[in-house]
Ligand SMILES: C[S@@+](CC[C@H](N)C(=O)[O-])C[C@H]1O[C@@H](n2cnc3c(N)ncnc32)[C@H](O)[C@@H]1O
């Protein structure tokens, strides 16, 4: 293990801002999982449809996961009775459909088929017995836990780790208590990414077949190294900034001699003042974030100190810093991963990733109960050419709402044309088809992406249908069609379609389309507000 570490650079300073680091050696793999969650790569979902078939116990168990996740990442119309009823029924129908379609647990997860049997665990572990209650609802006595009791959830995690994984584990009062099924899901997802060989294993020099993970922000619970080492035999460095996390993580490692050699716990400096990236600041103060993301839900029972739960700048800033760090370490790791609590953050982060030059981005959704979280994985290494996996998104869209009536689709199309023309891109406006066709070279795309000020230059005059402005066309050009539709007065849909997804520049599409969205919102929505 020391030899492996020696092959790593000394971490540059920004790395201290990273919370959870993960590296494999078979390839290189990074994981940032401040608070992770079940998920399955989209590819795997395709191959292996997950089934749920929930029993009462499973429901309760998934509720446990939900409570845990909520703890970290936070989120009228008067109508006729008949309409309301239809709505409710529609909602139920949709929910059922959603429940059926959405994957809930990784198929390799120990609890995929059989949820924990509380009664059985209570019979085996007297310390757990006191937390198991029985409801006589519907005849048979059903065991259940009081999820609002921290001691009960902590004891459940303890006995599950012991019973199902032969792991001895403990955490101090009030510290974040992980749920075993959802942390296992994350670990299985990491394993899926590694086994998929999307990024070839020979691109990172390593000891053959060995996986080395860096868990940034391993916490007192040290859950990822413990599970990764025991389930897959991976080796880890688990880092943290607090003394208490280091002390308890070390204790948890040493309590498990069979894997203790595989895990090194390392204290790192807290680089709390690391600046948030421009455009990724949530605009909140530290206090806002405390309230937002660590605000304690009285229903929760999974503990968590402010050090464990709070990141200045919110999750977008946190993951954006990780992305910056990953640029520095791009050739040392096969994969970088992180958990994202909000879909809106995911969108910006994916754009950010393409901007910094990643070669692949994988996202996936983790569903537990009614809560969704997203897994984000990226790499800078060349992926094996599998177009169906690595091609970027072809279509993107957004709505412009609340526009004054005098601003119709043509005005927005003109603004689109002005925006791209301003950066030297070649644009063709077709007023009868309500489209602007845009063609760009790499330099022109870079010019769009580097422009921080979302201002549309009105001095560029409107050109009639079919007329093309600007620019030589090079062979590595990228082309995009923008369509604008009026939905209702004051609301326009702007849609972007990538014309050739195999172009080497097509990875920039998402980032450029997002820049356009910012510019149009700035031009039309702030003025109308
Ligand atoms: C939410 S806890 C996660 C614990 C565990 N990984 C889990 O999923 O349950 C986040 C941990 O990250 C640590 N942390 C915060 N900033 C860090 C940094 N810059 N580098 C390493 N660890 C950090 C905190 O002290 C805390 O223990």
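Numbering (this note's numbering), first residue to last: 1060 to 1588. For each residue, glycine too, the CB sits at the ideal point set by N, CA and C.
Assigned secondary structure, residue i (DSSP; H/G/I helix, E/B strand, else coil)
i	result
residue 1424	strand
residue 1478	helix
residue 1537	strand
residue 1572	helix
residue 1168	coil
residue 1324	strand
residue 1230	coil
residue 1499	strand
residue 1032	Residue 1032 is absent from the structure shown; the chain starts at 1060 and stops at 1588.
residue 1403	helix
residue 1433	strand
residue 1412	helix
residue 1488	strand
residue 1213	helix
residue 1299	strand
residue 1192	strand
Straight-line Cα distance separating residue j from residue i
i	j	result
residue 1400	residue 1382	16 Å
residue 1218	residue 1291	20 Å
residue 1277	residue 1283	7 Å
residue 1455	residue 1556	7 Å
residue 1548	residue 1558	29 Å
residue 1230	residue 1541	54 Å
residue 1458	residue 1495	17 Å
residue 1294	residue 1213	25 Å
residue 1544	residue 1497	17 Å
residue 1225	residue 1433	29 Å
residue 1245	residue 1477	45 Å
residue 1311	residue 1286	12 Å
residue 1386	residue 1366	26 Å
residue 1329	residue 1274	15 Å
residue 1309	residue 1187	24 Å
residue 1191	residue 1178	7 Å
residue 1578	residue 1314	56 Å
residue 1222	residue 1165	20 Å
residue 1465	residue 1583	11 Å
residue 1301	residue 1539	49 Å
residue 1423	residue 1568	20 Å
residue 1361	residue 1240	14 Å
residue 1176	residue 1211	15 Å
residue 1574	residue 1508	7 Å
residue 1561	residue 1482	23 Å
residue 1431	residue 1403	12 Å
residue 1232	residue 1303	11 Å
residue 1554	residue 1205	48 Å
residue 1641	residue 1398	Since the first residue of the chain shown is 1060 and the last is 1588, residue 1641 is not available in this structure.
residue 1581	residue 1370	29 Å
heavy atom of ligand 1 below 8 Å from residue i C-beta
i	result
residue 1275	yes
residue 1244	no
residue 1288	no
residue 1367	yes
residue 1299	yes
residue 1279	yes
residue 1327	yes
residue 1564	no
residue 1304	yes
residue 1292	no
residue 1240	no
residue 1363	yes
residue 1282	yes
residue 1226	no
residue 1441	no
residue 1235	yes
residue 1370	yes
CB-CB length for residue i against residue j, believed under 8 Å
i	j	result
residue 1318	residue 1289	6 Å
residue 1490	residue 1436	Contact flag wrong, Cβ pair sits at about 43 Å.
residue 1379	residue 1411	6 Å
residue 1486	residue 1537	Not confirmed; about 13 Å, so no contact.
residue 1493	residue 1472	6 Å
residue 1280	residue 1234	7 Å
residue 1237	residue 1216	6 Å
residue 1388	residue 1258	At roughly 15 Å, the Cβ-Cβ gap does not stay under 8 Å, so residue 1388 and residue 1258 are not in contact.
residue 1570	residue 1414	5 Å
Any non-hydrogen atom of ligand 2 within 8 Å of residue i CB
i	result
residue 1454	Ligands present in the displayed structure are limited to ligand 1, and ligand 2 is not among them.
In chain order, each beta strand (DSSP E) run of at least 3 residues that lies wholly inside the stretch 1243 to 1282: 1271 to 1275
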